[in-house]
Amino acid sequence: MEQSIQKFRGEYFFLSNFYECPVTYKQLTYANNEAAFQAQKCLSDAEKKQFTKLNPSEAKKLGRRVNLRKDWEAVKVKIMEELVRAKFTQNPDLADKLLATGDAHLEEGNTWGDRIWGTVNGSGANRLGIILMQIRAEIKESRATDEKHLERKTMGRNIR
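In our numbering, the protein residues as written are 2 to 161.
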């Protein structure tokens with residue numbers, strides 16, 4: 002297993018917010034996490050709805066033009082965490098792929114200058130990578146707990 006995954010491309014593209022997979026968040030279903038994230042910059046459901054069918058690039062472009070909610074800077078990391086959790090809990094095949102990264106360090110290395118959600122030449126906050134590693138740990142723990150519970154139920158049946 003790789004010790005570090007430094008770009009969310011190729012076989013690791015599923016880690017990117019630009020990966021196309023449905024995600025439902027606050028009663029709306031989006032085609033990808035980027036659209037869901039950009040939609041949260043708006044306060045009204047009507048405004049958010051316009052993002053539901055957009056591809057990631059279209060969503061990012063529209064997200065730059067919306068009237069930004071006043072508390073955006075305070076809530077954006079929590080929203081991203083909730084969206085990443087939703088992406089992997091609502092798409093079990095992606096959760097399996099995330100778990101298959103083992104304990105690898107996840108880093109969204111990029112060339113477009115994003116040092117908040119990722120890194121450029123190893124420099125940056127890598128918030129998306131950190132969130133992904135946190136969600137991976139949560140899923141791993143949840144599955145281990147489920148297996149223990151199932152094991153106890155099975156053992157109880159075998160005793161009778």
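Ideal Cβ positions, reconstructed from N, Cα and C, are used throughout, including at glycine.
Check	Outcome
Buried versus exposed, by CB contacts within 10 Å (16 or more), Pro57	buried
Thr53 - partner residues in DSSP beta bridges	Answer is none; Thr53 lacks a bridge partner.
Pick from Gly110, Val121, Arg86 and Gly11 that is closest to Met134, judged by C-alpha positions	Arg86
CA-to-CA distance, Asp115 to Lys49, given in whole angstroms	24 Å
Proximal residues to Ala96 (C-beta, below 6 Å), its chain only, five neighbours per side dropped	Phe89 and Ile140
Coil, strand or helix - Gly110 by DSSP	strand
Contact check, Glu82 vs Ile117, beta carbons under 9 Å	no
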